[in-house]
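Heads up: the protein sequence lines correspond to chains A and B, in order.
Quick note: the first sequence, position 336, residue 336 per full-length UniProt numbering, numbers continuous.
Quick note: the second sequence, position 103, residue 103 per full-length UniProt numbering, numbers continuous.
No residue lacks a Cβ here, since even glycine has one placed at the ideal position from N, Cα and C.
Remember, predicted model here, so these are calculated numbers, not experimental data.
Here is the structure we will look at.
There are 2 protein chains.
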Amino acid sequence: MTSMNLASSSLDALLASIAQRIGAQHVLTGSADMAPYLNEERGLYHGQAPAVLRPGSTEEVAFIVEACARAGVPIVPQGGNTGLVGGQMPFGQVLMSLQRLDRIRNVDPVDMTMTVEAGVILDTIHHAAEAVDCLFPLHIASQGSCRIGGNLSTNAGGTAVLRYGNARELVLGLEVVLADGRVWNGLKRLRKNNAGYDLKPLFLGTEGTLGIITAAVLKLFPKPAQRSTAFLAVPDPASALALLKRLRGEAGDALTTFELMASFGVETVLKHMPGTVRPLRDTYDWYVLAELSAPTRAFDLGTLMETTLGAAMEAGEVLDGVIATSEAQAANMWRLREDMSEAQKHEGGSIKHDVSVPVSRVPEFMEQALAACLAAMPGLRPCPFGHVGDGNIHFNLSQPVGMEKAAFLAEWETFNRIVHDIVVAMDGSIAAEHGIGILKREELAHYADAVGLDLMHRLKAALDPAGLLNPGKVIGS
Amino acid sequence: MTSMNLASSSLDALLASIAQRIGAQHVLTGSADMAPYLNEERGLYHGQAPAVLRPGSTEEVAFIVEACARAGVPIVPQGGNTGLVGGQMPFGQVLMSLQRLDRIRNVDPVDMTMTVEAGVILDTIHHAAEAVDCLFPLHIASQGSCRIGGNLSTNAGGTAVLRYGNARELVLGLEVVLADGRVWNGLKRLRKNNAGYDLKPLFLGTEGTLGIITAAVLKLFPKPAQRSTAFLAVPDPASALALLKRLRGEAGDALTTFELMASFGVETVLKHMPGTVRPLRDTYDWYVLAELSAPTRAFDLGTLMETTLGAAMEAGEVLDGVIATSEAQAANMWRLREDMSEAQKHEGGSIKHDVSVPVSRVPEFMEQALAACLAAMPGLRPCPFGHVGDGNIHFNLSQPVGMEKAAFLAEWETFNRIVHDIVVAMDGSIAAEHGIGILKREELAHYADAVGLDLMHRLKAALDPAGLLNPGKVIGS
Numbered sequence: 001m002t003s004m005n006l007a008s009s010s011l012d013a014l015l016a017s018i019a020q021r022i023g024a025q026h027v028l029t030g031s032a033d034m035a036p037y038l039n040e041e042r043g044l045y046h047g048q049a050p051a052v053l054r055p056g057s058t059e060e061v062a063f064i065v066e067a068c069a070r071a072g073v074p075i076v077p078q079g080g081n082t083g084l085v086g087g088q089m090p091f092g093q094v095l096m097s098l099q100r101l102d103r104i105r106n107v108d109p110v111d112m113t114m115t116v117e118a119g120v121i122l123d124t125i126h127h128a129a130e131a132v133d134c135l136f137p138l139h140i141a142s143q144g145s146c147r148i149g150g151n152l153s154t155n156a157g158g159t160a161v162l163r164y165g166n167a168r169e170l171v172l173g174l175e176v177v178l179a180d181g182r183v184w185n186g187l188k189r190l191r192k193n194n195a196g197y198d199l200k201p202l203f204l205g206t207e208g209t210l211g212i213i214t215a216a217v218l219k220l221f222p223k224p225a226q227r228s229t230a231f232l233a234v235p236d237p238a239s240a241l242a243l244l245k246r247l248r249g250e251a252g253d254a255l256t257t258f259e260l261m262a263s264f265g266v267e268t269v270l271k272h273m274p275g276t277v278r279p280l281r282d283t284y285d286w287y288v289l290a291e292l293s294a295p296t297r298a299f300d301l302g303t304l305m306e307t308t309l310g311a312a313m314e315a316g317e318v319l320d321g322v323i324a325t326s327e328a329q330a331a332n333m334w335r336l337r338e339d340m341s342e343a344q345k346h347e348g349g350s351i352k353h354d355v356s357v358p359v360s361r362v363p364e365f366m367e368q369a370l371a372a373c374l375a376a377m378p379g380l381r382p383c384p385f386g387h388v389g390d391g392n393i394h395f396n397l398s399q400p401v402g403m404e405k406a407a408f409l410a411e412w413e414t415f416n417r418i419v420h421d422i423v424v425a426m427d428g429s430i431a432a433e434h435g436i437g438i439l440k441r442e443e444l445a446h447y448a449d450a451v452g453l454d455l456m457h458r459l460k461a462a463l464d465p466a467g468l469l470n471p472g473k474v475i476g477s
Numbered sequence: 001m002t003s004m005n006l007a008s009s010s011l012d013a014l015l016a017s018i019a020q021r022i023g024a025q026h027v028l029t030g031s032a033d034m035a036p037y038l039n040e041e042r043g044l045y046h047g048q049a050p051a052v053l054r055p056g057s058t059e060e061v062a063f064i065v066e067a068c069a070r071a072g073v074p075i076v077p078q079g080g081n082t083g084l085v086g087g088q089m090p091f092g093q094v095l096m097s098l099q100r101l102d103r104i105r106n107v108d109p110v111d112m113t114m115t116v117e118a119g120v121i122l123d124t125i126h127h128a129a130e131a132v133d134c135l136f137p138l139h140i141a142s143q144g145s146c147r148i149g150g151n152l153s154t155n156a157g158g159t160a161v162l163r164y165g166n167a168r169e170l171v172l173g174l175e176v177v178l179a180d181g182r183v184w185n186g187l188k189r190l191r192k193n194n195a196g197y198d199l200k201p202l203f204l205g206t207e208g209t210l211g212i213i214t215a216a217v218l219k220l221f222p223k224p225a226q227r228s229t230a231f232l233a234v235p236d237p238a239s240a241l242a243l244l245k246r247l248r249g250e251a252g253d254a255l256t257t258f259e260l261m262a263s264f265g266v267e268t269v270l271k272h273m274p275g276t277v278r279p280l281r282d283t284y285d286w287y288v289l290a291e292l293s294a295p296t297r298a299f300d301l302g303t304l305m306e307t308t309l310g311a312a313m314e315a316g317e318v319l320d321g322v323i324a325t326s327e328a329q330a331a332n333m334w335r336l337r338e339d340m341s342e343a344q345k346h347e348g349g350s351i352k353h354d355v356s357v358p359v360s361r362v363p364e365f366m367e368q369a370l371a372a373c374l375a376a377m378p379g380l381r382p383c384p385f386g387h388v389g390d391g392n393i394h395f396n397l398s399q400p401v402g403m404e405k406a407a408f409l410a411e412w413e414t415f416n417r418i419v420h421d422i423v424v425a426m427d428g429s430i431a432a433e434h435g436i437g438i439l440k441r442e443e444l445a446h447y448a449d450a451v452g453l454d455l456m457h458r459l460k461a462a463l464d465p466a467g468l469l470n471p472g473k474v475i476g477s
């Protein structure tokens, strides 16, 4: 890992020149000032940095990157500091926060586009879209504090990927500061552009290792005019897949959410999260949260949901279920899914896996992975949930009751090997939507195809030959 | 441009070793045998090659690429030879046809995926998807003879991009032979995968200059259960955009086609293409072909179309229109759009531009570009049409009546400068969906942002340092 090896006098001179450009109040070096940027939410990582830089514009980002490049000083870019794999954490490098680049530059409801700077909070984008009767469909649990630059550089997923795709698919244009400080202006608002190689993918999902995203043109969609939300009990993951196929066949693109949850997770939310209400009388092993939404009122989604679920119950795919008849009921259903990670914290340590397999193999994966993990540690409380329509399972494992948390978390590598071996054997991915960061760097090196890994290294060498952008992350050394 | 500079004896030895591996009958060197691969449909380019190689498997492609790399012999890959910008034409290099890689390896209606080899004809894929009640939504005029490898390496567009995206967005996985003959197996069937850099974009839309696609995993969609097709007269392009917004608001994702056509094009089809029928009694300046389609029967698309168009007529967005009441009527409407390029051939020379601008600027582009071109050549007969929902206009110009075809075509560069200057001033693209190939290489060099172009050259150097893959195309020297 490239770390700081600069004489402190040179570093002081570098920081002084940056302070002169962006303002001394935006160069933080005191530990209390830097703490919000260096503390990772779950306490998995403790960042260290000689300084936190807070540029306020693309030009200032470019100035900093060029100055650091000249001095050979590596930089870790950071958005809202909500990443789950440590990609945003410095370990001796200078940290650059993009939070002050927080302007919405343009909203165009005819082109259905919004041009935003990297530091805009995701929820701010949601509201700006709604204000012009549009939808920006990226929805993730941290949307109140995560920043779009981070969402794009990690290719965030979430609960609407089934219909709208990952963050990568929601971008028309990018503005990026390259490793040498040059700015690539790719802020096109075009739906079609085959003028040479598409350069956006170099920066989407590459976690700031090939360039620093400073702004983006986002795709907007028509705002839904109606929704129908249902909470369902299903016999098993295979039934959930059959139900998915049925709903998609009947509702087409109106099926915008389809989430599978195991009993433990739902019960944990009901136990720990105030205000949540049990939606079904009985308890079951598996649940599905399904939502239909559409911009049209030409037909009634509630009726469509009811008819389709009726047929699904007759076919045995659904054991019991309820369709929300109010916003409050729908919100409660969503909380049973979205509060799950938060609720799990009350049950001690949690070892998390963010994996994907081909959709058809989800049931097989669940069966194998659950059996293998329970065999490895009796008393373990598995909490698998996730975006089953994308084949993406958050295969979380809560510690056995009474076990020492640290002792449990020390087994992370053991469970990685168990779960990831099964995933890879099914031609799945060990990193579905949270990225690689530093948490999974060794896992990627362990499992990645050698040719693919060589291509990644070639890209890194071509775009950041000195290895100064987010060193040590993804494939970095 | 890297051409052949090998002693003919070395070349003979190379071809002999390849013939031994893939069979002598698949190494064509006679001019009659090679003609179908070297003749470009419109006669714009006349290819030359010492040999046409026809490997039958990924392994044979890899063998050829490695052998050629060792010998320093450049290769031009080719699919169905239907490209419109000369990307598939060799000018002294060895031609490698992918046509014999024509197996569908897997169709999975649960995962909604199909794994195909590069040489499968697009229409064959359509039929294979339909056979399992699915849809593969890439539709372009050449679908009866183009091959999926070419579609992907040019990031083909077509009439369903509005809803389903370009070819790039329809791919989950790729298998690629790299410039040194290694095979990258990225044939994942995953909807989500953030395990390191996404490598697919390196090969999608890069016209075989960074690697040769040998197979792909395609996304399938639910098959439409109903359609409603309408042919409409609109006052002008601005009204077409208002209608687009209205239809999208009412029908959401059920709006799958929205094509704008100028009068001249429609009249030309009616005049030259046997069996086509005038759908409206009167003639108008501008027409729209709109289609709704959906996998569900929960609501009636015909009713939705009728209601929406009624409101659009009241608002003055539509002057006249007809909704197809039979498959035959719908097919006739489609022919008025799809036969346009073919019909134009009967009107002499045509200078073509495949451009895009932000959707909101289409009316302004039309006005400016039409005025500028007519001023440059009185008597010119403009034939603009295209995918207005994507901002993509095929800005074709038919020659004045009575002018010498060659004299007209000699003005191609003049009109390029006129049209492309306007496009670039509107932050548009000089190559929307047909690619760069050799036709637009100089235009790309002329207009491209210097930083972006430098990034493209870095990618080329990183992946094909010897410049042996499709040299001279896109950015190649």
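| Check | Outcome |
| --- | --- |
| Beta carbon of proline 400 (chain A) nearer than 8 angstroms to that of glycine 428 (chain A) | no |
| Chain B contacts made by the segment 226-256 of chain A, where a contact means CB separation under 8 angstroms | Leu241, Lys245, Arg248, Gly249, Glu250, Ala251, Gly252, Asp253 and Ala254 |
| Selection of the segment 181-194 of chain B by Cβ proximity to chain A, strictly under 8 angstroms | Arg182, Val183, Trp184, Asn185, Gly186, Lys188, Arg189, Leu190, Arg191, Lys192, Asn193 and Asn194 |
| Distance between beta carbons of glycine 79 (chain B) and glutamine 88 (chain B), contact taken as under 8 angstroms | 7 angstroms |
| Members of the segment 362-396 of chain B near chain A, C-beta cut-off 9 angstroms | His387, Gly389, Asp390, Gly391 and Asn392 |
| Reference serine 356 (chain A); option with closest CA among A:Val424, A:Glu411 and A:Val322 | A:Val424 |
| Paired residues, beta bridge with glycine 186 (chain A) - DSSP | A:Leu174 |
| Pairwise C-alpha distance: proline 109 (chain A) and arginine 297 (chain A) | 20 angstroms |
| DSSP bridge partner residues for threonine 257 (chain B) (one or two, in chain order) | B:Glu291 |
| Interface flag, leucine 463 (chain A) vs chain B, CB-CB below 8 angstroms | yes |
| CB contact flag (methionine 273 (chain B), glutamate 342 (chain B), <8 angstroms) | yes |
| Cβ-Cβ distance between valine 161 (chain B) and histidine 387 (chain B) below 8 angstroms | yes |
| Interface residues of chain A facing glycine 434 (chain B) [CB-CB closer than 9 angstroms] | The amino acid at residue 434 (chain B) is misidentified as glycine; the sequence shows histidine. Residues of chain A passing the Cβ test: Asn194. |
| Beta-ladder partner(s) of lysine 219 (chain A), from DSSP | A:Thr113 |
| Arginine 105 (chain A) versus A:Lys223, A:Ala128, A:Gly83 and A:Ala242, residue with shortest Cα-Cα distance | A:Ala128 |
| Cutoff 8 angstroms: alanine 431 (chain A) Cβ touching any chain B Cβ | yes |
| Chain-order list of residues whose beta-carbon lies under 6 angstroms from that of threonine 115 (chain A) (same chain, five-residue window excluded) | Arg105, Asn106 and Val217 |
| Segment limits, beta strand (DSSP E) that includes valine 355 (chain A) | 354-356 |
| Chain A residues whose Cβ lies nearer than 8 angstroms to that of arginine 458 (chain B) | Ala462 and Leu463 |
| 9 angstroms Cβ cut-off: residues of chain A touching threonine 296 (chain B) | Gly249, Glu250, Ala251, Gly252, Ala254, Phe299 and Leu304 |
| Chain B contact for aspartate 108 (chain A) (CB, 8 angstroms cutoff) | yes |
| Residue-level contact to chain A via CB, leucine 292 (chain B), 8 angstroms cutoff | no |
| Residues sharing a beta bridge with serine 97 (chain B), DSSP | B:Gln78 |
| Contact with chain A by aspartate 427 (chain B), beta-carbon distance below 8 angstroms | yes |
| Counterpart residues of arginine 147 (chain A) in DSSP-defined beta bridges | A:Ile121 |
| Nearest residue (CA-CA) to proline 235 (chain A), options A:Ser142, A:Met313 and A:Ile436 | A:Met313 |
| Neighbourhood of isoleucine 418 (chain A) by C-beta, 8 angstroms cutoff - its chain only, sequence neighbours within 5 removed | Ala369, Ala372, Cys373 and Ala376 |
| Given phenylalanine 299 (chain A) as reference, the closest of A:Gln226, A:Met34 and A:Ala324 once Cα atoms are compared | A:Gln226 |
| Start-to-end residues for the alpha helix (DSSP H) that takes in aspartate 12 (chain A) | 8-22 |
| Cα-Cα separation, leucine 220 (chain B) to alanine 35 (chain A) | 47 angstroms |
| For proline 465 (chain B) and leucine 455 (chain A), the rounded distance between their alpha carbons | 13 angstroms |
| Pairwise C-alpha distance: alanine 16 (chain A) and threonine 325 (chain A) | 60 angstroms |
| Interface flag, threonine 2 (chain B) vs chain A, CB-CB below 8 angstroms | Residue placement at threonine 2 (chain B) is flagged as unreliable, the pLDDT there being 46, under the threshold of 50; the coordinate-derived value follows with that caveat. No, threonine 2 (chain B) does not count as interfacial toward chain A. |
| Rounded straight-line distance, which links the Cα of arginine 458 (chain A) to that of leucine 469 (chain B) | 17 angstroms |
| Sub-8 angstroms separation of valine 177 (chain B) and isoleucine 212 (chain B) beta-carbons | yes |
| Interface residues of chain B facing leucine 220 (chain A) [CB-CB closer than 9 angstroms] | The premise fails here: leucine 220 (chain A) is roughly 11 angstroms from chain B at the closest Cβ pair, so nothing lies under 9 angstroms. |
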